[in-house]
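Structure first, commentary second.
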Amino acid sequence: EKLDIRVGTIMKAENHPNADKLVVLTVNIGTPVTVVAGIKKWYSPEELEGKHVLLLANLEPVTLRGVQSNGMILAAEDDSGVSLLTVDRDVDAGSRVL
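Heads up: take any position in the sequence shown, counting from 1, add 4, and you land on the numbering used here.
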């Protein structure tokens with residue numbers, strides 16, 4: 005099955021209620037989806053809201069510490085830390101990455 009990568013806008017970000025390293029995101033990819041991401045070390049919830057990100061949308065849902073996650077935010081990591089993959093201009097939420 006092909007990867008279904010979508011442009012999404014983080015509408016809401018909050019600390020995970022049961023995990024110190026996780027954040028719970030509501031991402032608009034045409035419809036809102038909940039994603040749990042292990043990026044709290046690099047991004048506060050306040051920094052995440054409003055960001056345009058790339059999301060792997062066709063993963064099987066998984067439950068992480070009691071919260072269901074319906075996708076994966078894409079990021080790159082190097083010696084200086086983690087950087088979210090994003091787009092360089094406004095693109096409609098839900099647009100497919102080619």
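Glycine residues also receive a C-beta, built at the ideal position from the N, C-alpha and C atoms. Computed from a prediction, not measured in an experiment: that's the story for all the values here.
May I ask you to report which of helix, strand or coil DSSP gives residue i?
i	result
E81	strand
L52	helix
N22	coil
S73	strand
R100	strand
L68	strand
L88	strand
My guess is that residue i and residue j are in contact by the Cβ rule of under 8 Å, so how many angstroms apart are they, rounded?
i	j	result
I43	G12	Incorrect: roughly 14 Å between the Cβ atoms, too far for contact.
Taking DSSP's pairing of strands, which residues face residue i in a bridge?
i	result
T13	N32, H56
V27	N19, A41
Measuring CB to CB, does residue i end up less than 9 Å from residue j?
i	j	result
V101	N74	no
L29	L60	no
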